[in-house]
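In this text, residue positions in the sequence shown follow the numbering used here: the first is 29, and each later residue adds one.
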Amino acid sequence: MKTRITEMFGIQHPIIQGGMHYVGFAEMAAAVSNAGGLGIITGLTQRTPELLAKEIARCRTMTSKPFGVNLTFLPSVTPPDYPGYIRAIIEGGVKIVETAGNNPQKYLPALKEAGIKVIHKCTSVRHSLKAEAVGCDAVSVDGFECGGHPGEDDIPNMILLPRAADELKIPFVASGGMADGRSLVAALAMGAEGMNMGTRFIATKEAPVHQNVKDAIVAASELDTRLIMRPLRNTERVLKNVAVDRLLEKEKALGANIKFEDIFGEVAGVYPKVMTEGHMEAGAWSCGMVVGLINDIPTCKELIDRIMAQADEIIRGRLARFG
Ligand SMILES: Cc1cc2nc3c(=O)[nH]c(=O)nc-3n(C[C@H](O)[C@H](O)[C@H](O)COP(=O)(O)O)c2cc1C
Numbered sequence: 029m030k031t032r033i034t035e036m037f038g039i040q041h042p043i044i045q046g047g048m049h050y051v052g053f054a055e056m057a058a059a060v061s062n063a064g065g066l067g068i069i070t071g072l073t074q075r076t077p078e079l080l081a082k083e084i085a086r087c088r089t090m091t092s093k094p095f096g097v098n099l100t101f102l103p104s105v106t107p108p109d110y111p112g113y114i115r116a117i118i119e120g121g122v123k124i125v126e127t128a129g130n131n132p133q134k135y136l137p138a139l140k141e142a143g144i145k146v147i148h149k150c151t152s153v154r155h156s157l158k159a160e161a162v163g164c165d166a167v168s169v170d171g172f173e174c175g176g177h178p179g180e181d182d183i184p185n186m187i188l189l190p191r192a193a194d195e196l197k198i199p200f201v202a203s204g205g206m207a208d209g210r211s212l213v214a215a216l217a218m219g220a221e222g223m224n225m226g227t228r229f230i231a232t233k234e235a236p237v238h239q240n241v242k243d244a245i246v247a248a249s250e251l252d253t254r255l256i257m258r259p260l261r262n263t264e265r266v267l268k269n270v271a272v273d274r275l276l277e278k279e280k281a282l283g284a285n286i287k288f289e290d291i292f293g294e295v296a297g298v299y300p301k302v303m304t305e306g307h308m309e310a311g312a313w314s315c316g317m318v319v320g321l322i323n324d325i326p327t328c329k330e331l332i333d334r335i336m337a338q339a340d341e342i343i344r345g346r347l348a349r350f351g
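Set out below in structure tokens:
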């Protein structure tokens, strides 16, 4: 399938694996890219720019296909060494960067000069338009369903995607709640040029996470995610567990007075414990409502081939019959 996104990134299928903390290692990115999608290494999971440089080099040994790096700009008292990470990306010859969080404008000149295409993840039309205005090449439009940070507007993709299509000139992919060929065709119908998946890619054979995480995703239903940190205006969609229940109790008890320190135990340093060690109750970890649509653990190639075959059958079969 050819779209503006497959052309821009030089990939076979319009399917991107979004950056995911402690999931987006070289193994994940290479598996998705080898299957014809766009795999993405999560920059900040590597503690230093030097380690990111090594991870990029490791990914190169596993795939000759294009892959990207995610850079998440978080509000932080002591920000990570972003210029260093950007140097590692440029020197590593990576040609695609997925930015997320704050406006990436400050870093665009360096990325552009190196011939890097930038896709910025946005949870609203106004942020998407801003990304377009500052020179991003594409946008990943992340609806309220998404795993991770859905923003504070709570607009699901059924509304957000056509709104984005009405306003944007640069191409965009649909992100949040995407799982299969039906998602892809729906996204295309609403004006997207492809789709970005997070949670779905965790439940794959190659995802370098503990088997418990994959099993938890398969076992969960669409009713099992919760929104945390709403009072802090840093909303995150996570899978329900004991730690999340405790956190939500604290939010209820402390109300508007809650501070980050109050929930530190439930959110800080959780990812290695969950993703690497498989302690599923260790704290809050991002997960999308799309868990309700995930019932198996295929290889990335099986998953992507199945998505493309189903999309083809829907377009040429089911939809054509309505014509
Ligand atoms: C476990 C997990 C970790 C994530 N970490 C990041 C991250 O570090 N940076 C980022 O930009 N997005 C992150 N995301 C968001 C994904 O890149 C993607 O936008 C989101 O998962 C899409 O929604 P879906 O899960 O419904 O497919 C994460 C998502 C998950 C599930």
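The beta-carbon is built from N, C-alpha and C at its ideal position, and this holds for glycine as well.
Which whole-angstrom value is the C-beta distance of residue i and residue j, which I expect to be below 8 Å?
| i | j | result |
| --- | --- | --- |
| residue 316 | residue 227 | 4 Å |
| residue 173 | residue 318 | 7 Å |
| residue 175 | residue 261 | Incorrect: roughly 19 Å between the Cβ atoms, too far for contact. |
| residue 208 | residue 338 | 6 Å |
| residue 218 | residue 202 | 7 Å |
| residue 256 | residue 276 | 7 Å |
| residue 271 | residue 312 | 6 Å |
| residue 325 | residue 237 | With a Cβ gap of about 11 Å, residue 325 and residue 237 do not count as contacting. |
| residue 84 | residue 120 | 4 Å |
Can you list, in chain order, the residues of its chain whose CB lies under 6 Å from that of residue i, leaving out five sequence neighbours each side?
| i | result |
| --- | --- |
| residue 289 | none |
| residue 310 | 298, 301 and 302 |
| residue 225 | 206 |
| residue 168 | 147, 149, 201, 203 and 224 |
What does a CB cutoff of less than 7 Å around residue i pick up in its chain, not counting 5 residues either side in sequence?
| i | result |
| --- | --- |
| residue 146 | 125, 127, 132, 136, 139, 164 and 165 |
| residue 93 | 61 and 62 |
| residue 234 | 55, 56, 59, 327 and 328 |
| residue 184 | 171, 172 and 173 |
| residue 320 | 249 and 250 |
On a Cα-Cα basis, can you pick out the residue from the options that is closest to residue i?
| i | options | result |
| --- | --- | --- |
| residue 41 | 195, 342, 335 and 77 | 335 |
| residue 197 | 184, 162, 229 and 313 | 162 |
| residue 159 | 178, 85, 211 and 195 | 195 |
Could you check the C-alpha separation between residue i and residue j for me, to the nearest Å?
| i | j | result |
| --- | --- | --- |
| residue 71 | residue 190 | 30 Å |
| residue 221 | residue 153 | 16 Å |
| residue 214 | residue 29 | 15 Å |
| residue 109 | residue 242 | 32 Å |
| residue 385 | residue 351 | Residue 385 cannot be examined here, being either before or after the span of the chain that is shown, 29 to 351. |
| residue 67 | residue 34 | 13 Å |
| residue 332 | residue 341 | 14 Å |
| residue 284 | residue 180 | 16 Å |
| residue 116 | residue 122 | 9 Å |
| residue 95 | residue 69 | 8 Å |
| residue 267 | residue 101 | 23 Å |
Might you give, ordered along the chain, the residues of its own chain that have their beta carbon closer than 8 Å to the beta carbon of residue i, omitting 5 neighbours on each side?
| i | result |
| --- | --- |
| residue 118 | 138, 139, 142 and 144 |
| residue 36 | 145, 165, 166 and 199 |
| residue 353 | No answer is possible for residue 353: the residues shown for the chain start at 29 and end at 351. |
| residue 308 | 240, 241, 244, 269 and 302 |
Using a Cβ-Cβ distance under 8 Å, would residue i count as near chain C?
| i | result |
| --- | --- |
| residue 47 | Absent from the structure is chain C; it holds one protein chain and no more. |
Just to confirm the assignment: which complete alpha helix (DSSP H) runs, minimum length 4, are found wholly within the stretch 55 to 104?
Taking only runs of at least 4 residues, the alpha helix (DSSP H) segments lying wholly in the stretch 55 to 104 are 77 to 90.
Could I get the ranges of all uninterrupted beta strand (DSSP E) runs contained in the stretch 155 to 211, with 3 residues as the minimum, in chain order?
Qualifying beta strand (DSSP E) stretches, in chain order: 166 to 170 and 200 to 203.
Enumerate, from N- to C-terminal direction, the unbroken beta strand (DSSP E) stretches of 3 or more residues contained entirely within the stretch 252 to 282.
The stretch 252 to 282 contains these whole beta strand (DSSP E) runs: 253 to 256 and 264 to 267.
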